[in-house]
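**Q** Quick mapping for you: the protein sequence lines, in order, are chains U, G, P and D. Residues in the first sequence are numbered from 205 upward in steps of one, following the working numbering. Residues in the second sequence are numbered from 325 upward in steps of one, following the working numbering. Residues in the third sequence are numbered from 3 upward in steps of one, following the working numbering. Residues in the fourth sequence are numbered from 11 upward in steps of one, following the working numbering. One structure, as structure tokens, below. Some questions next.
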Amino acid sequence: MTAVLAIQNLVHRFPGGVQAVNDVSFAIAPGETLGLVGESGSGKSTIGLLATRLLAPTQGRILFEGQDITRLSAATLRPLRARLQVVFQDPWGALNPRMTIGRLLEEPLRLHGGNLAEARLLAERVRLPLATLGRYPHELSGGQLQRVSIARAIANRPKLIVLDEPTSSLDLSVRAGILQLLEELQRETGVAMLFISHDLETVRLVSHRVAVLYLGRIVETGPAAALFETPGHPYTQTLLSAHLPPDPFVALRRHRVQGEIPSPINLPPGCFFAGRCPLALPACNAGPPAMQPLAPGQEAACLRIADRTNRLEPAEDPA
Amino acid sequence: MTLLAVQDLHVEFATRGLDNRLRVAQALNGVSFTVAAGEVVGLVGETGAGKSLTALAAMGLLRPPARIPHGSIRFEGREIIGLSDRELEKIRGRRMAMIVQSPLTSLDPLKRIGDQLVRMQRVHDTAHGAAARTKAEAMLAAVRIPDPARRMRAWPHELSGGMAQRVLIAMALVNDPALIIADEPTTGLDVTVQAQVLDTLRDIVAARNLGALVITHDLGVVAHYCQRVAVMFAGRIVEDGPVREVFSRPSHPYTRALIDSTPGRIAQLGWTVTGGTPPDLYDLPQGCLYRDRCPRAATACLAAPPRIAVSGTHGAACHFAGEAA
Amino acid sequence: MSFTHVLGVARRSPTFAVGFGAILVFALLAAFADLIAPLPPTQSFPYETLRPPGSGQFLLGSDGNGMDVFSRTIHGARYAFGIALPAGAIMAVIGIPLGLIAGWRGGWVDEVLLRILDVLRAFPTIILALAIVAATGQGFLNVILVVGFLDSPIFARIVRAEVLALRNATFVRAAVAAGNPEWRVLLVHILPNAILGATAQLPLRMAWAVRISATLAFIGIGVQAPAPEWGAMIRQGAEYVISGEWWVALFPGLALIAMVLGLNLAGDGLSDLLDPKRRATGK
Amino acid sequence: MSLGGFLWRRALVALPVLLGILFLTFMLVRIGDQDPVAMLAGPMADAPMLARIRAELMLDQPLLTQFWAYLGRLVQGDLGLSWQGNAPVTQAIADHLPATLELVTLAVGIGALVGVPVGLRAAERPNGWFDQASRFGSLFGFSLPTYWLGLMAIFVFFYLLGWAPAPMGRVSMMVTPPEVLTGSVLLDSLLAGNGEAAWSAAAQLVLPVGCFAIVATAPIIKHTRAIAIEVMGSDYIRYARACGFPRRIIRRIALRAALVPVITFVGSEFTSLLAAASLIEFVFAWGGLGHWGLNAILLGDFAAVQGYVLVLAIASVLVFALVDLVVLLLEPRARA
């Protein structure tokens, strides 16, 4: 079966020399959710924009349902957009403040020849009170607004939805409702999802597979369970160990990796993490490390994996 | 020793709409808690629950149209409400210091880091000249800023977010305060940096026997860095107690919902929580404010619930708090 | 919109209320000038020149030609609106599309606009207006066109700034992602949101237009003397100031100030009313 | 960035703008219906004489050729001949510029000295009574036509009260003017120790400077207020409050932060007042550059108009460069 979305050797440079995306490849199968995890500057949002061709990449290829959309014009892309959808992080900013909710829901139907009457069904599908249809965005809560965005995204039965931090600006209890809705929609329609987030727990909950980004490069991919249980790349290990589980009875196991993410200008030739990595070898600075298999479906870009010396020693939680 | 004691604090905002009608938002509706020396208390809740407002009130930083119709805030035994600006200025930054959420924009952009730390001491008359510089540099070292001598001469715009947050911690500590109020201290930071900054803060608070009030929406921060927690909902504290007790035996349905909304719990228990909108602060209902969303709501909830003790140090404002969950 | 709303607006922005009121008064004066003015504005009483205010039929005195200053001042409002409305329309008609395209597309349109603005910044508009009107002829229509065209790039810059701010707004991105064609993104999503901030600037630009056309007339280019234009009337009155006949220049000046101030107050108040930050704090 | 590099880059940016302005003016004065040849030659001239003058002025050549020739002479410092008094334009500019600079510098100086503190004070309590009053005052000042204000001042202070001297020129005709050094009569008289002339020059300055300063103050108040309100609402001011800094220190922090944008604005104010000076000079028969330029425009004095506009443009370029230089010194972020 062809992948819904295939990204091949994608590179994106912003004017001014910031290399946001650095030779990234991945594919998403129908009905699958791929989680894309990274901290600031990892290029995860840029990948979201590139995947939906809201941005044109510097190099590489983007295939949507087998069709190369890397260089398609805006006009040629437009009919495809019915099936290639996106939901953004900021629900307050993602909806035109001068349109009513009803009109906002009708818009995707209008654009792709749908039946405008379906707007009500959409509202019901995302559990939006029908009374909100006549209101304006500023009259709704963040959770409701995000439901509107999701309803707009599913209006034309998409094959892929890119979700760029869809729950990051929502409160915890509201967040759960949105995640639940997304899971239901995927179960019902088999839509594939690219779930972009910095929140490890959420990604773990919703994703089938996960890719970890560091400074625009994928350092590790694998099935969600395996990647979270036995992370291979020292950066993934660091990231997971820095996470604070919301449970005081789970002991923290800290890897004391120092420093912060360097600026994505003038990146070194080798492994980007080598500068902070306690396990770095001289060879790490030679060139970009190749992906090494760890377990079925799991691989990481670290030289230390070859002889299985990639485990960071955990420092016990001092408290 | 109790440093900060907030008792039945109310805060309201009076505003006028385009229709010229006066509307009053009841933002805090009877908040009570204490912070003692040597303990880190977490104040947790969702947007609009009144966490930051509580911190501002404690610092004496509320400005019109916010006003305090009722309540008491005692710091080191002294009533804060009603103090003149001049008296408050002697407390703020000196005995009670704040760490804010946006470190990069909070530092004076036109002054070097070292000079800002020195100014902080000079204004509060704790140290001057060379002594202040020495102390400033020592503080930068204490918050684990590498090469503090060089950082003294850095401009704020040259710092990363994590570095700037450490500088803010140094600013807060440089006058040896008794209480630290940290308002979402790591919200803007990356996961790996957040952990480093929180570790630093906790170590210093412990080493100096300070009291700390940490305001956060992140249950992970509460779980691992606080000893006690107060959960806020719609301007009230609905549950408070030692962190481990509250997490193991949440006694207010809202606390339970919060904990059950974390992805880890969802993975274990499935989808148990449906979110809802918080009550309208302009038109608060009588009785329990969580009633509309509560799975256990009953007629009793039409009356405002008192704080019911679950254990000696743990209590919840729910009529059913005493019963087994 | 009810009476309480009107009161609310007035309370929130007294500046807007006062300014709007002043404009309204002038609009009425302009509309019913023939009814309100006791005498035709250009009727000359050769034996009754330079009469002080209150003498006979001249409520505010008469000028050097024996014309009624009061009637002429009232009729001046027609010239003020005669410049403000068409010049404002020209600014909007040229400035809005220009600003939209420059802000959205960038490219050469934006480059040209920016260079024009550079030139305007280094080349004071008043001198430019003077030079152009002096060179191209002095009719009122010409003044309107020159003022309108000269200010269009400035209005376009205001629209452009709003569009630039919106261009990367999430909802615009979402509109593209939803499959909106470009024209629809611009007209349905950007324009309605960009226009609001620009609207508040329109009265300010109109105030500028009224001022500059009066200045031109004062200098002696543009509207010429017997016409009841405030600037031209001040010019007439200028020579009498040192001989003590103050009223010829005073009253048209006051009218000019009131009109320009009204527009400025309205614009200033409007930008306050439309400022989302102020709205959010409810102050 | 080095100072030299900075100035070099400024010049590179300014050059096309200056060229554009020159070209625009050049075309503008030539599309008019005024015929300079007839004006120069006088009513007695016959056809061959007119033709000769036309050829001399290159007016029979295509416009672009004329412009090119003009640029060629410009590079050598020759701005052509003004036919108001048949003097070289460069000489006329040198004669008239100091009077205008004196007026504008004093007006902007007073405007800044009054406007900045008022704007800062207004921003301290937005919508308080002082803010409302100063806001109305500044909008009022915005709406005042300078020339009318000048006329009314003349009526009140010269005609009615007799306090001010006759509004004719920069020094009373009854006193011997000092030798020209700086071009400012006041400074020159003081330098020459000529008390009488200095007193007269100062008296002549009061009304035009006063009127001009009112007009200059208004926008400075408005912008300072807006800048200061933004600064006062900034995170670092809020943080300074949380640090327990007293008002005096918070005010100092805010002042420093507001300084850069305020200076930038005052700079732009200077350049626009340089042009607006022509009106006030007109009313007070000041005889400065503005007055001279205005006459040049009215008379269709090609070379003079071009020279006038060039001076204004160069002044604005210089002022903006100066402002940027000051910003560079004050603002650590700009130095990065």
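Beta carbons are placed, not taken as given, at the ideal position from N, Cα and C, and that holds for glycine.
Between G/THR339 and chain U, is the shortest Cβ-Cβ distance under 8 Å, so that the two count as touching?
**A** It does not; no Cβ of chain U falls within 8 Å.
**Q** Counting C-beta neighbours from all protein chains within 10 Å, is the total for U/SER277 16 or more, i.e. buried, or is it exposed?
**A** It counts as exposed.
**Q** My parser needs the alpha helix (DSSP H) runs of 4 or more residues fully inside the region 434 to 470 of chain U; what are they?
**A** You should have 438 to 446.
**Q** Which class does D/SER92 belong to by DSSP, given the choice of helix, strand or coil?
**A** Of the three classes helix, strand and coil, the one that applies to D/SER92 here is strand, per DSSP.
**Q** DSSP three-state call for G/ALA398: helix, strand or coil?
**A** The displayed chain sequence assigns Arg, not Ala, to residue 398 of chain G. Correct three-state label for G/ARG398: strand.
**Q** Comparing the C-beta of D/ASP245 with each C-beta of chain G, is any distance below 8 Å?
**A** By this cut-off, D/ASP245 is an interface position.
**Q** Could you name the residues of the region 248 to 270 of chain D whose beta carbon sits closer than 8 Å to any beta carbon of chain G, in the order they occur along the chain?
**A** Cβ contacts with chain G come from ARG248, TYR249, ALA250, ARG251, ALA252, CYS253, GLY254, PHE255, PRO256, ARG257, ILE259, ILE263, ARG266, ALA267.
**Q** Since U/LEU383 and U/LEU409 should fall inside the 8 Å C-beta cutoff, what is the C-beta to C-beta distance between them, to a whole number of angstroms?
**A** That pair is a contact at about 7 Å.
**Q** Using beta-carbon positions only, say whether U/GLY394 and U/GLY235 come within less than 8 Å of one another.
**A** The answer is yes: Cβ separation under 8 Å.
**Q** Below 8 Å on the Cβ atoms is my guess for P/GLY199 versus P/ALA24; work out the distance and round it to an integer in Å.
**A** Their Cβ separation, rounded to whole angstroms, is 23 Å, which puts P/GLY199 and P/ALA24 out of contact at 8 Å.
**Q** For my contact list, U/VAL241 and U/SER401 are in at a C-beta cut-off of 8 Å; report their separation, rounded to the angstrom.
**A** Correct: roughly 6 Å between the Cβ atoms.
**Q** Taking the straight line between their C-alpha atoms, what separation do you get for D/ILE63 and D/LEU320?
**A** Spanning the two alpha carbons is a distance of roughly 25 Å.
**Q** In angstroms, rounded to a whole number, what distance separates the CA positions of P/VAL165 and P/PRO194?
**A** Cα to Cα, the separation comes out at about 10 Å.
**Q** Would you give the residue range spanned by the beta strand (DSSP E) that G/GLU336 belongs to?
**A** Unbroken beta strand (DSSP E) run through G/GLU336: 326 to 340.
**Q** Which residues in chain P sit within 7 Å of D/PHE150, going by Cβ to Cβ distance?
**A** Near D/PHE150 (Cβ distances below 7 Å), the residues of chain P are LEU263.
**Q** Compile a chain-ordered list of the residues in the region 248 to 259 of chain U whose CB is closer than 7 Å to at least one CB of chain P.
**A** Correct list: THR256, LEU258.
**Q** I need the straight-line Cα distance from P/ILE290 to D/LEU269, nearest angstrom please.
**A** This structure cannot speak to residue 290 of chain P, because chain P is shown only from 3 to 285.
**Q** When you compare only the Cα positions, how much space is there between G/ALA361 and G/LEU328?
**A** The straight-line gap from Cα to Cα measures roughly 9 Å.
**Q** Can you check whether the CB of U/ALA359 is closer than 8 Å to the CB of U/LEU389?
**A** Result no, Cβ atoms of U/LEU389 and U/ALA359 do not sit closer than 8 Å.
**Q** Select from P/GLY271, P/GLY84, P/ALA167 the residue whose C-alpha is nearest the C-alpha of P/ALA196.
**A** Taking only the C-alpha atoms, the option nearest P/ALA196 is P/ALA167.
**Q** Go ahead and pull the three-state DSSP assignment for U/TYR418.
**A** U/TYR418: strand per DSSP, three-state reduction.
**Q** So, with DSSP's three-state summary, where would you put U/ASP375?
**A** Note: U/ASP375 maps to coil in three-state DSSP.
**Q** By Cβ distance, which residues of its chain are closer than 7 Å to P/ILE146, with the 5 residues on each side in sequence left out?
**A** Around P/ILE146: ILE85, PRO88, ALA89.
**Q** At a Cβ threshold of 8 Å, is P/THR201 touching chain U?
**A** By this cut-off, P/THR201 is not an interface position.
**Q** Please list, in chain order, the chain G residues whose beta carbon lies closer than 7 Å to that of D/ARG40.
**A** Within chain G, no residue comes near D/ARG40; the closest Cβ sits about 50 Å away, beyond 7 Å.
**Q** Thinking C-beta only, is D/ALA344 closer than 8 Å to D/THR281?
**A** In this structure, D/ALA344 does not lie closer than 8 Å to D/THR281 by Cβ.
**Q** I'd like the list of long-range same chain contacts for U/GLY381, defined as Cβ closer than 7 Å, with 5 residues on each side in sequence excluded.
**A** Only GLY347 meet the Cβ criterion.
**Q** Within the chosen definition, does the region 135 to 155 of chain D reach the region 293 to 303 of chain D through at least 3 CB pairs nearer than 8 Å?
**A** Counting Cβ pairs under 8 Å, fewer than three are found: no touch.
**Q** Let's test the definition: count the other Cβ atoms within 10 Å of the Cβ of U/PRO341 and tell me whether it reaches 16, buried, or not, exposed.
**A** It is buried - the Cβ of U/PRO341 has at least 16 other Cβ atoms within 10 Å.
**Q** Tell me whether D/MET68 is buried or exposed, calling it buried when 16 or more other Cβ atoms sit within 10 Å of its Cβ.
**A** Classification of D/MET68: exposed, given that the 10 Å Cβ count is below 16.
**Q** For G/SER635 and chain U, any beta-carbon pair shorter than 8 Å?
**A** No - not a single Cβ of chain U is within 8 Å of the one on G/SER635.
**Q** With distances taken Cα to Cα, identify the nearest neighbour of U/SER373 among U/GLN441, U/PHE292, U/LEU284.
**A** Of the listed residues, the one whose Cα sits closest to U/SER373 is U/PHE292.
**Q** To which residues of the same chain is G/PRO480 closer than 6 Å at the C-beta, ignoring the five residues directly before and after it?
**A** Counting only Cβ-Cβ distances below 6 Å, and skipping sequence neighbours, we find LEU431, PRO433.
**Q** Drop a sphere of 10 angstroms on the beta-carbon of U/SER249, count the other beta-carbons inside from all chains shown, and report buried for 16 or more, exposed for fewer.
**A** Buried, because 16 or more other Cβ atoms sit within 10 Å of the Cβ of U/SER249.
**Q** Looking at C-alpha atoms only, which residue of P/TRP232, P/ARG207, P/GLU247 is the closest neighbour of P/ILE92?
**A** Among P/TRP232, P/ARG207, P/GLU247, the Cα nearest to that of P/ILE92 is on P/ARG207.
**Q** Tell me the rounded alpha-carbon separation between P/ILE259 and P/THR127.
**A** Going from the Cα of P/ILE259 to the Cα of P/THR127 covers about 20 Å.
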